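A.B. asks: The listed protein sequences correspond, in order, to chains H and U.
Each residue of the first sequence is one higher than the one before, counting from 1 in the working numbering.
Each residue of the second sequence is one higher than the one before, counting from 1 in the working numbering.
Every residue, glycine too, gets a C-beta built ideally from N, C-alpha and C.
As the structure is a prediction and not an experimental result, all values here were calculated from the model.
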Amino acid sequence: MLDFHQNHFRLFGLPEQFALDLDDLSERYLRLRQTVHPDLYATAGEREKRFSLQASTQVNEAYQTLKDPLARARYLLTLLTGGQGDGQETTKDMAFLLEQMELREALAAAREAPDPFAGVARVRNRLSDQSRQLIGQLAASLEPASDLDQAATRELIRKLQFVRKCEEEADALEAELDEVF
Amino acid sequence: MALLQIAEPGRSAAPHQHRLAAGIDLGTTNSLIATVRSGRPETLPDGEGRHLLPSVVRYAEEGLVVGHAAKAAAAEDPLNTLASAKRLIGRGIEEVRGLGTRLPYEFVRTDTAVPRIRTRAGDISPVEVSAEILRALAQRAEVALGGDLTGVVITVPAYFDEPQRQATKDAARLAGLKVLRLLNEPTAAAVAYGLDREADGIHAVFDLGGGTFDISILRLRRGVFEVLATGGDSALGGDDMDLLLAEWIMFQAGIGDEADHHILRGLMRDACDAKERLTDQDRAPLRIALPDGRHWAGVIDRNTFDDLIDPLISRAIAACRRALRDAGLKVEEVKDVVMVGGATRVPRVRARVEHFFGMTPLVDLDPDRVVALGAALQADVLAGNKPDSDMLLLDVIPLSLGLETMGGLVERIVPRNTPIPVARAQEFTTFKDGQTAMALHILQGERDLVAHCRSLARFELRGFPPMVAGAARIRVTFEVDADGLLNVSAVEQTSGVQARVEVKPSHGLTDGEIESMLRESLTHSSEDMEARRLREQRVEAQRTVEALRAALSKDGDALLSAEERRRIDQALAELELRLAGEDEASLKAAMENLDRTCGFYVERRMNRSIQSAMAGHKVEEFQS
Numbered sequence: 001m002l003d004f005h006q007n008h009f010r011l012f013g014l015p016e017q018f019a020l021d022l023d024d025l026s027e028r029y030l031r032l033r034q035t036v037h038p039d040l041y042a043t044a045g046e047r048e049k050r051f052s053l054q055a056s057t058q059v060n061e062a063y064q065t066l067k068d069p070l071a072r073a074r075y076l077l078t079l080l081t082g083g084q085g086d087g088q089e090t091t092k093d094m095a096f097l098l099e100q101m102e103l104r105e106a107l108a109a110a111r112e113a114p115d116p117f118a119g120v121a122r123v124r125n126r127l128s129d130q131s132r133q134l135i136g137q138l139a140a141s142l143e144p145a146s147d148l149d150q151a152a153t154r155e156l157i158r159k160l161q162f163v164r165k166c167e168e169e170a171d172a173l174e175a176e177l178d179e180v181f
Numbered sequence: 001m002a003l004l005q006i007a008e009p010g011r012s013a014a015p016h017q018h019r020l021a022a023g024i025d026l027g028t029t030n031s032l033i034a035t036v037r038s039g040r041p042e043t044l045p046d047g048e049g050r051h052l053l054p055s056v057v058r059y060a061e062e063g064l065v066v067g068h069a070a071k072a073a074a075a076e077d078p079l080n081t082l083a084s085a086k087r088l089i090g091r092g093i094e095e096v097r098g099l100g101t102r103l104p105y106e107f108v109r110t111d112t113a114v115p116r117i118r119t120r121a122g123d124i125s126p127v128e129v130s131a132e133i134l135r136a137l138a139q140r141a142e143v144a145l146g147g148d149l150t151g152v153v154i155t156v157p158a159y160f161d162e163p164q165r166q167a168t169k170d171a172a173r174l175a176g177l178k179v180l181r182l183l184n185e186p187t188a189a190a191v192a193y194g195l196d197r198e199a200d201g202i203h204a205v206f207d208l209g210g211g212t213f214d215i216s217i218l219r220l221r222r223g224v225f226e227v228l229a230t231g232g233d234s235a236l237g238g239d240d241m242d243l244l245l246a247e248w249i250m251f252q253a254g255i256g257d258e259a260d261h262h263i264l265r266g267l268m269r270d271a272c273d274a275k276e277r278l279t280d281q282d283r284a285p286l287r288i289a290l291p292d293g294r295h296w297a298g299v300i301d302r303n304t305f306d307d308l309i310d311p312l313i314s315r316a317i318a319a320c321r322r323a324l325r326d327a328g329l330k331v332e333e334v335k336d337v338v339m340v341g342g343a344t345r346v347p348r349v350r351a352r353v354e355h356f357f358g359m360t361p362l363v364d365l366d367p368d369r370v371v372a373l374g375a376a377l378q379a380d381v382l383a384g385n386k387p388d389s390d391m392l393l394l395d396v397i398p399l400s401l402g403l404e405t406m407g408g409l410v411e412r413i414v415p416r417n418t419p420i421p422v423a424r425a426q427e428f429t430t431f432k433d434g435q436t437a438m439a440l441h442i443l444q445g446e447r448d449l450v451a452h453c454r455s456l457a458r459f460e461l462r463g464f465p466p467m468v469a470g471a472a473r474i475r476v477t478f479e480v481d482a483d484g485l486l487n488v489s490a491v492e493q494t495s496g497v498q499a500r501v502e503v504k505p506s507h508g509l510t511d512g513e514i515e516s517m518l519r520e521s522l523t524h525s526s527e528d529m530e531a532r533r534l535r536e537q538r539v540e541a542q543r544t545v546e547a548l549r550a551a552l553s554k555d556g557d558a559l560l561s562a563e564e565r566r567r568i569d570q571a572l573a574e575l576e577l578r579l580a581g582e583d584e585a586s587l588k589a590a591m592e593n594l595d596r597t598c599g600f601y602v603e604r605r606m607n608r609s610i611q612s613a614m615a616g617h618k619v620e621e622f623q624s
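#1: Compare the C-alpha of Leu79/U against each of Ala72/U, Tyr59/U, Val66/U and Val96/U and name the closest.
#2: Among Glu354/U, Val476/U and Pro419/U, which has the Cα closest to the Cα of Glu427/U?
#3: For Asn60/H, which residues in chain U fall below 7 Å Cβ to Cβ?
#4: Given that a residue counts as buried once 16 or more other Cβ atoms are within 10 Å of its Cβ, and exposed if not, what is Thr187/U?
#5: Given a threshold of 16 other Cβ atoms within 10 Å of its Cβ, counted over all protein chains shown, does Val396/U qualify as buried or as exposed?
#6: According to DSSP, simplified to helix, strand and coil, what is Tyr59/U?
#7: Go through the region 359-434 of chain U residue by residue and report every complete run of the beta strand (DSSP E) that reaches 3 residues or more, in order.
#8: Does DSSP put Ser216/U in a helix, a strand or coil?
#9: How would you write the range of the alpha helix (DSSP H) that Gly238/U sits in, first residue to last?
#10: Helix, strand or coil: how does DSSP classify Gly694/U here?
#11: If the cut is a Cβ gap below 7 Å, which residues of chain H does Glu76/U touch?
#12: Of all the options Arg294/U, Ala541/U and Gly266/U, which has the alpha carbon lying nearest to the alpha carbon of Ala72/U?
#13: Looking only at C-alpha atoms, which of Ala571/U, Asp583/U and Gly210/U sits nearest to Val545/U?
#14: Hey, how far is the Cα of Val627/U from the Cα of Val331/U?
#15: In chain H, which residues lie with their C-beta within 8 Å of the C-beta of Arg221/U?
#16: Using beta carbons (cut-off 8 Å, strictly below), is Gly45/H in contact with chain U?
#17: For the alpha helix (DSSP H) that contains Ser141/H, what are its first and last residues?
#18: In the region 62-86 of chain U, which residues sit with their C-beta less than 8 Å from some C-beta in chain H, listed in chain order?
#19: When you measure from the CB of Pro144/H to every non-hydrogen atom of the ligand FAD, does any distance come out below 7 Å?
#20: Alpha carbon to alpha carbon, what distance is there between Leu20/H and Glu621/U?
#21: Roughly how many angstroms lie between the CA atoms of Arg604/U and Ser516/U, to the nearest whole one?
#22: Arg567/U: which of Arg596/U, Val227/U, Ser586/U and Ala531/U sits nearest, CA to CA?
#23: Quick one: Cα of Arg104/H to Cα of Glu155/H, how far?
#24: Note down the Cα distance separating Val349/U from Leu134/H, rounded to an integer number of angstroms.
#25: Do Gly342/U and Gly210/U count as a contact pair if the criterion is CB distance below 8 Å?
#26: Reducing DSSP to helix, strand and coil, say where Asp149/H ends up.
#27: Which residues mark the beginning and the end of the alpha helix (DSSP H) in which Pro69/H is found?
#28: Find out if the Cβ-Cβ distance for the pair Ala482/U, Arg458/U is shorter than 8 Å.
#29: Taking 8 Å as the CB-CB limit, is Val163/H close to chain U?
#30: Which word fits Pro285/U, buried or exposed, when buried means at least 16 other C-beta atoms lie within 10 angstroms of its C-beta?
#31: Run down chain H in chain order and give the residues with a C-beta less than 9 Å from the C-beta of Gly599/U.
#32: Tell me which same chain residues have a C-beta within less than 7 Å of the C-beta of Val480/U, skipping the five on either side of it?
#33: Would you call the CB atoms of Asp301/U and Arg283/U closer than 8 Å?
#34: Is the CB-CB distance between Ala379/U and Gly151/U below 8 Å?
#35: Would Ser609/U count as contacting chain H if we go by Cβ distances under 8 Å?
#36: Could you name the residues of the same chain whose beta carbon sits closer than 7 Å to that of Glu132/U, not counting the 5 residues immediately before and after it, in chain order?
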């Protein structure tokens with residue numbers, strides 16, 4: 001078994017915990033890429049080329065997972081629980097769902113508004129507040145790992161996923177507006 | 001802060017041996033080849049001192065003509081003179097029609113869906129045209145450098161999709177060149193600039209060429225070029241400006257759409273001349289040949305031209321905005337903007353880029369040459385000539401990759417701007433009870449509907465056991481390599497039935513077609529197929545021997561037991577013996593044997609370098 005098949009945290013030499021320093025993570029990423037990049041093996045044998053490709057792929061995947069709080073939380077939860085889900089697809093928090101609906105409606109309304117970019121920006125600000133709040137709660141609920149509240153963590157992940165979806169819609173709308181203006 | 005230095009395991013080329021490598025900018029309008037000599041990249045001129053090779057191939061009565069002479073004959077022999085092949089490469093014939101460009105060629109419909117152009121030398125595909133240009137450039141380099149090229153780096157627009165990349169690689173194969181890497185043009189430009197300036201920070205590269213537009217946002221840190229986002233339009237460039245101007249002239253001069261190829265070609269040339277004149281003058285006189293042999297005289301001024309091309313520039317600016325958003329950056333965070341490509345000489349383009357980014361764009365390197373220079377630097381590193389270089393390029397895929405799901409929708413598997421190489425898997429399930437096969441349709445693009453995305457390939461996973469709908473678990477894996485090329489595989493998890501495609505899209509040439517083209521071209525050359533294969537195999541084997549010897553002398557004693565060392569030495573001796581012989585098959589077998597024997601050693605070396613990379617990091621933390 002190759003070392004680069006170990007879990008993402010260990011590959012990066014980090015403890016298996018939610019909190020991490022993004023600058024440090026990115027430094028570690030560069031260092032790992034510098035070690036296994038396929039360009040370093042362009043004149044090497046086939047096997048070395050293959051390994052470096054696999055290792056680089058693994059390093060990229062680990063980095064993409066660890067740097068994104070949502071993906072990191074999901075991944076860490078899977079590691080801690082051995083990958084069992086609770087089968088629940090969506091949150092049942094009605095107040096939260098209502099606010100999400102309102103934000104989506106606000107996005108749709110922004111499209112027709114005299115200054116659509118301002119409308120999108122307002123929705124975005126609200127979304128990034130929510131996102132920040134949820135990530136803070138996730139950090140608390142995932143630590144310490146010994147005292148993990150699985151149900152609460154899953155609920156936070158579901159909510160963060162909702163917020164993310166809405167952010168993507170805001171992105172798409174902005175891109176569409178760019179084309180028009 | 002002091003960082004611990006770690007030797008790179010792959011950089012084991014014997015130091016005394018300089019390998020000839022070159023960077024090629026295969027452009028829509030012009031192409032260049034560059035190499036690194038005495039540590040500096042330089043473009044190589046032809047015998048008459050010209051660096052740019054017009055990307056034009058003419059199939060003349062007396063034989064093949066590439067470059068200036070071909071370009072000069074374009075108006076008199078339009079049907080046999082093929083220009084702008086880059087606009088057609090890797091595209092299907094319907095798409096080529098959809099480009100909306102007036103291309104003065106006779107397209108032939110073929111069963112392989114690759115557009116071919118009827119010439120007096122037969123029906124020619126854009127891949128073959130590009131191969132001729134590559135061949136001409138490689139010859140120029142081999143004459144100048146006095147030897148065979150070990151390998152080349154060929155640049156492609158960052159926004160090139162999968163089939164366009166694959167087709168470019170096919171062209172190189174057809175030209176008999178070993179491709180060390182396909183490199184994105186803006187990244188190459190950043191390398192050429194970055195190494196001169198050593199400026200850490202965020203850089204934007206605005207690359208408007210003859211036929212393609214790219215915008216890349218990069219972060220440069222200590223020699224590492226990390227592409228954060230890229231965007232663009234693979235059908236937007238200086239040619240489009242010429243076309244708009246040509247249409248304006250046609251309207252002014254009363255030339256109808258039915259004008260013949262000669263008139264159209266002549267018009268495009270006049271439009272291009274006028275555009276270039278408007279770079280440093282406010283007005284350009286026009287004298288246009290009419291179909292009846294008379295001439296029309298007129299004038300175009302800068303303002304009229306600017307109004308004509310503004311919509312094109314707006315498209316480019318919109319792409320810049322999107323790339324910044326994808327990178328999660330604000331325009332103020334960009335440290336500088338680099339201009340690349342001949343079309344960035346147009347004053348209106350400069351003015352609008354300056355306005356958008358709020359700073360004067362950098363133009364100190366020749367926008368025509370900068371891409372080739374960057375490619376040469378990368379080729380030099382890849383060929384193993386710079387073992388101490390810490391230059392490293394981290395690139396991304398330009399367009400999202402996905403699969404068709406029920407209802408003609410696209411499920412995105414790898415989103416755009418994901419760093420490469422990448423592997424992503426997702427599970428799908430069956431739709432009907434008793435279903436034993438599944439059709440997989442691979443797509444590229446940002447839209448939600450299949451109809452709006454580029455179809456890359458279709459394949460089927462067959463013969464898994466019948467189950468109730470939703471019970472089968474089909475895991476589909478997308479893998480994109482360091483050249484941005486895609487492989488897709490599918491496995492039904494409960495039964496283990498699997499299928500795999502290398503995405504050789506419907507718009508590319510098949511391996512068989514390339515093989516037969518190669519064979520054809522070789523019947524005209526002195527070297528036959530077998531001799532060529534043996535020669536290539538020898539180079540490969542020689543390289544393996546060198547690399548392994550260097551590795552063994554570095555850490556063989558530390559990482560290998562006496563018994564392991566003995567086995568490797570034995571396999572190595574066997575390969576060296578075959579290297580002296582003339583038999584390609586046994587040489588190949590010895591290579592494969594050595595490869596198998598060394599597998600565990602290669603793993604150990606790579607693991608050790610990963611460990612020491614992270615260990616070095618910890619030491620540094622203690623220091624700070």
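C.D. replies: Answer, in terms of the structure:
#1: Tyr59/U
#2: Val476/U
#3: Pro419, Pro421 and Val422
#4: buried
#5: So Val396/U ends up on the buried side.
#6: Tyr59/U: strand per DSSP, three-state reduction.
#7: Look at the region 359-434 of chain U and you find these whole runs of beta strand (DSSP E), each 3 residues long or longer: 392-394, 401-405, 409-414 and 422-428.
#8: strand
#9: That run of the alpha helix (DSSP H) goes Gly238 to Ala253.
#10: Absent from the structure is residue 694/U, since the part of chain U shown begins at 1 and ends at 624.
#11: Those do not exist, as Glu76/U stays about 42 Å from chain H at its closest Cβ, beyond 7 Å.
#12: Gly266/U
#13: Ala571/U
#14: Coverage of chain U is limited to positions 1 through 624, which leaves residue 627/U absent and any answer about it impossible.
#15: Leu30
#16: yes
#17: First-last of the alpha helix (DSSP H) with Ser141/H: Pro116 to Ser141.
#18: none
#19: As far as ligands go, the structure on display features none, and thus does not contain the ligand FAD.
#20: Unreliable placement is indicated for Glu621/U, whose pLDDT of 43 sits below 50; no coordinate value is reported for it.
#21: 42 Å
#22: Arg596/U
#23: 21 Å
#24: 44 Å
#25: yes
#26: coil
#27: Pro69 to Thr81
#28: no
#29: no
#30: exposed
#31: Ordered by position in chain H, the residues that pass the 9 Å Cβ test against Gly599/U are Arg47 and Phe51.
#32: Spatial neighbours of Val480/U in its own chain (CB-CB distance under 7 Å, excluding positions within 5 residues in sequence) are listed in chain order as Ile397, Val414, Ile420, Pro421, Val422 and Leu486.
#33: yes
#34: yes
#35: yes
#36: Val57, Leu64 and Val66
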